[in-house]
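S.K.: I'd like to ask you about the structure that follows.
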Amino acid sequence: MGRMIKVENVYKSFGTLEVLKNINLEVQQGEVLCIIGPSGSGKSTLLRCLNHLEVITSGKIMIENELIAEKIDGKSQFKISHKKVSEICTELGMVFQRFNLFPHMTVIQNIIEAPVTVKKVPKDEAISYGMELLKMVGLEDKKDEYPTRLSGGQQQRVAIARALAMRPKIMLFDEPTSALDPELVGEVLEVMKKLARDGMTMIVVTHEMGFAREVGTRVIFMDKGEISEEGSPEEIFTNPKNERTRAFLQKVL
Amino acid sequence: MDLVISKLPHLLEGSVVTLQLTVVAVIFGMILGLFLALGRLSKNIVIDKICWFYIWLFRGTPLIMQIFFFYYGLPLIFGNAMSFSAMTNAYIALSLNSAAYLAEIIRAAIQSIDKGQMEAAKALGMSYGQAMRRIIVPQSYRRLIPPVGNEVIALLKDSALVSTIGMAELLRNTTQIVNSTGNALIYLPSAALYLLMTSLFTFIFEKLEKKYSVYE
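So the sequence lines, in the order shown, correspond to chains A and B. Read in order, the letters of the first sequence correspond to residues 1 to 253 in the numbering used here. Read in order, the letters of the second sequence correspond to residues 1001 to 1216 in the numbering used here.
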């Protein structure tokens, strides 16, 4: 088991608003880390800092022993090219709350787009791997549909396949079921469970406490930009030490 | 009626020139307009301001004045090296002018695309250029079509202004016939030809809109 992600003393502010305060975190290979907490607690921002959709204000982020950000008071402490950053970031697959599929492309086109344009994978190779992934998420018969013709749950499963097509080593999920009708949540969680069983390293920001409890190997509770409690699902859900964790869980469980 | 029939070839010749002017100006206007729009969206302030200035200048002054400036003004300032035929001048003036309008249309269309699209592209490792070329700009086509259709029709009619520097397009040919025959009714078939051409473009743009709506 190697270390996949290391976050050290990370701060992030939007103007005067401090969204992340002194975040320290390590993720090991094969872990399924679930991040829970009230909205506005910085969960999503933390995830977005990992793959450079947001830029940290200070601190250090390492992906697989490669430093991708080190900042003090907003000033970068070393030089790194855009190319290098996006290269490292392809190790991270991301699934968004609102799917963000490309509406002008069919399902299979969505999936092969990045492998073909970014990694220069031959098209037929990308398609055959794409079909494998579609089979895995149970949507091979939808390959030529446009995303708007699919249900939310189907769209999110395509989005997962799209992220997997880049063969990432880590998958980030940003509230993947929050925009779904309740009856569609299960099919998406099912795919995520399958991934976890196959040993994928995952970081999941979620409101699905059942999922965190059942699939998570570790749970982090965030509040007001800080990690206020961390532990096994067992500890967090049955015996939370922190007062705020207890109050939060009481409300959502 | 006989007059119309006998003069029809002359009117049609003018119509062809009008169509050529419009199509060429739109093509060059779209290309330059795309670069201007991307410039306006650039994080580089100098590029942004240069493009802003261009659009401000060409939208803020009368087209006929721009045509005169290119035709009469440039040779006065730069000598004969900058003296072009009426046709070249007409193409340049109309292209540069429509680029300013098209740039703003393109910029608005690009900015109307959901921010999540750029994020998804970046999360998949695409560069800004790749994301623009493959994801953002293609999605803006559908939203571009109605306002660009408007602009093309406006341009087709505005192209009549180059008759003032002697381009033998539809309006100028019509006026010639009126002057030589003294019969002002010849304006009627000429107007019908303009309507025919604008209808043609309306039809084309309706078809395009349908074609690009498949995924919505």
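All C-beta atoms, glycine included, are put in the ideal place defined by N, C-alpha and C.
#1: Please identify, using Cβ separations under 7 Å, the residues of the stretch 98 to 131 of chain A that lie next to chain B, in order along the chain.
#2: Where does residue 1160 of chain B land, buried or exposed, given buried means 16+ other C-beta within 10 angstroms?
#3: When the Cβ atoms of the stretch 71 to 86 of chain A are set against those of the stretch 1093 to 1102 of chain B, are three or more pairs found closer than 8 Å?
#4: Using the beta-carbon of each residue, which ones in chain B are nearer than 7 Å to residue 90 of chain A?
#5: So, do the stretch 48 to 65 of chain A and the stretch 138 to 145 of chain A have three or more beta carbon pairs nearer to each other than 8 Å?
#6: Suppose you measure from the CA of residue 95 of chain A to the CA of residue 171 of chain A; what does that come to, to the nearest Å?
#7: Would you please state the rounded distance, in angstroms, between the beta carbons of residue 1249 of chain B and residue 1201 of chain B? I believe it to be under 8 Å.
#8: What does the Cβ neighbour count give for residue 225 of chain A, buried or exposed, with the cut at 16 atoms within 10 Å?
#9: Give every residue of the same chain whose Cβ lies closer than 7 Å to the Cβ of residue 71 of chain A, excluding the five residues on either side of it in the sequence, and list them in chain order.
#10: On the criterion of 16 or more Cβ atoms from any shown chain inside 10 Å, does residue 241 of chain A qualify as buried, or is it exposed?
#11: Which same chain residues end up closer than 7 Å to residue 1007 of chain B when comparing Cβ atoms and leaving out the 5 residues on each side of it in sequence?
#12: Check each residue of the stretch 1115 to 1145 of chain B: if its Cβ is closer than 7 Å to any Cβ of chain A, include it; give the result in chain order.
#13: Between which residues of its own chain and residue 1144 of chain B is the CB-CB distance below 7 Å, once the five residues before and five after are set aside?
#14: Please report the Cβ distance between residue 1130 of chain B and residue 104 of chain A, rounded to the nearest whole angstrom; I am assuming they are in contact, meaning their Cβ atoms lie under 8 Å.
#15: Can you tell me the Cα-Cα spacing of residue 1171 of chain B and residue 1091 of chain B, whole angstroms?
#16: Compute the beta-carbon to beta-carbon distance between residue 50 of chain A and residue 5 of chain A, rounded to the nearest angstrom, for a pair I have assumed lies under 8 Å.
#17: Three or more beta-carbon pairs under 8 Å between the stretch 108 to 124 of chain A and the stretch 189 to 197 of chain A, yes or no?
#18: Name the one or two DSSP bridge partners that residue 3 of chain A has.
#19: So, residue 1039 of chain B versus residue 1102 of chain B, is the Cβ gap smaller than 8 Å?
#20: From what residue to what residue does the beta strand (DSSP E) around residue 173 of chain A run?
#21: Would you decide whether residue 1070 of chain B is buried or exposed? Buried here means 16 or more other CB atoms lie within 10 Å of its CB.
#22: Leaving out the 5 sequence neighbours to the left and right, which residues in its chain are closer than 8 Å to residue 127 of chain A when beta-carbon positions are compared?
#23: Entirely within the stretch 39 to 91 of chain A and at least 4 residues each: give me those alpha helix (DSSP H) ranges in chain order.
#24: For residue 1209 of chain B, return the contacting residues in chain A, with the cut-off set at a CB-CB distance below 7 Å.
#25: Taking Cβ-Cβ distances shorter than 9 Å, what residues in chain A pair up with residue 1215 of chain B?
#26: Reducing DSSP to helix, strand and coil, say where residue 199 of chain A ends up.
#27: Does residue 11 of chain A pass the burial test, meaning 16 or more other C-beta atoms within 10 Å, or should it be called exposed?
#28: Could you check how far apart the C-beta atoms of residue 222 of chain A and residue 42 of chain A are, in whole angstroms? I think they sit under 8 Å.
#29: What span of residues does the beta strand (DSSP E) with residue 221 of chain A cover, start to end?
#30: For residue 1184 of chain B, does the count of other Cβ atoms within 10 angstroms reach 16, so buried, or fall short, so exposed?
#31: Quick check on the burial criterion: 16 or more other C-beta atoms within 10 angstroms. Buried or exposed for residue 1295 of chain B?
#32: Does DSSP put residue 14 of chain A in a helix, in a strand, or in coil?
#33: Would you kindly report the start and end of the unbroken beta strand (DSSP E) that includes residue 227 of chain A?
#34: For residue 252 of chain A, count the other beta carbons within 10 Å of its own beta carbon; 16 or more makes it buried, fewer makes it exposed. Which is it?
#35: At the 8 Å Cβ level, is residue 53 of chain A part of the contact set with chain B, yes or no?
#36: Would residue 179 of chain A and residue 244 of chain A qualify as a contact pair, given that the criterion is a beta-carbon distance under 8 Å?
M.R.: This is what the structure gives:
#1: Within the stretch 98 to 131 of chain A, 98, 100, 102, 103, 104, 113, 114, 117, 118 place their CB atoms closer than 7 Å to a CB of chain B, listed in sequence order.
#2: For residue 1160 of chain B, the number of other beta carbons within 10 angstroms of its own is at least 16, and it is reported as buried.
#3: As far as the Cβ criterion goes, the stretch 71 to 86 of chain A does not touch the stretch 1093 to 1102 of chain B, which means the pair count is below three.
#4: Those within 7 Å of residue 90 of chain A in chain B are 1125.
#5: Result no; under three Cβ-Cβ pairs closer than 8 Å.
#6: When rounded, the distance between both Cα atoms is 8 Å.
#7: The shown model of chain B, from 1001 to 1216, leaves out residue 1249 of chain B, and the question about it has no answer.
#8: Result: buried.
#9: So the list reads 56, 57, 58, 59, 77, once near-sequence residues are dropped.
#10: Classification of residue 241 of chain A: exposed, given that the 10 Å Cβ count is below 16.
#11: Only 1177, 1186 meet the Cβ criterion.
#12: Within the stretch 1115 to 1145 of chain B, the residues whose Cβ lies closer than 7 Å to some Cβ of chain A are 1116, 1117, 1119, 1120, 1122, 1123, 1124, 1125, 1126, 1127, 1130, 1134, 1135, 1138, 1139, listed in chain order.
#13: For residue 1144 of chain B, where only same-chain residues beyond five positions count, the Cβ hits under 7 Å are 1105, 1106, 1109.
#14: With a Cβ gap of about 15 Å, residue 1130 of chain B and residue 104 of chain A do not count as contacting.
#15: Their Cα atoms are separated by approximately 16 Å.
#16: 7 Å between Cβ atoms; contact.
#17: The answer is no - the stretch 189 to 197 of chain A does not touch the stretch 108 to 124 of chain A, with fewer than three Cβ pairs under 8 Å.
#18: In the DSSP output, where bridge partners are listed per residue, residue 3 of chain A has A:28.
#19: Taking 8 Å as the Cβ cut-off, residue 1039 of chain B and residue 1102 of chain B do not qualify as a contacting pair.
#20: For residue 173 of chain A, the enclosing beta strand (DSSP E) starts and ends at 170 to 174.
#21: By the C-beta density criterion, residue 1070 of chain B is buried, having at least 16 other C-beta atoms within 10 angstroms.
#22: The residues are 108, 112.
#23: Counting only runs of 4 or more, we get 43 to 50, 82 to 89.
#24: Under the 7 Å cutoff, chain A gives no residues; its nearest Cβ is about 14 Å from residue 1209 of chain B.
#25: For residue 1215 of chain B, the C-beta contacts it makes with chain A under 9 Å involve 103, 104, 105, 106, 146, 147, 148, 149, in order along the chain.
#26: In the structure shown, residue 199 of chain A sits in coil (DSSP, three-state: anything other than H, G, I, E or B).
#27: Burial call: buried.
#28: The C-beta separation of residue 222 of chain A from residue 42 of chain A comes to about 6 Å, placing the pair in contact by the 8 Å criterion.
#29: For residue 221 of chain A, the uninterrupted beta strand (DSSP E) segment begins and ends at 218 to 223.
#30: Burial state of residue 1184 of chain B is exposed, judged by a 10 Å Cβ sphere holding fewer than 16 other Cβ atoms.
#31: Because chain B is modelled from 1001 through 1216, residue 1295 of chain B falls outside the range shown and cannot be assessed.
#32: In this structure, DSSP gives residue 14 of chain A an extended state, which the three-state scheme calls strand.
#33: Counting along the chain, the beta strand (DSSP E) containing residue 227 of chain A begins and ends at 226 to 231.
#34: Result: exposed.
#35: Residue 53 of chain A counts as touching chain B.
#36: It is not a contact, given that the beta carbons lie outside the stated cut-off.
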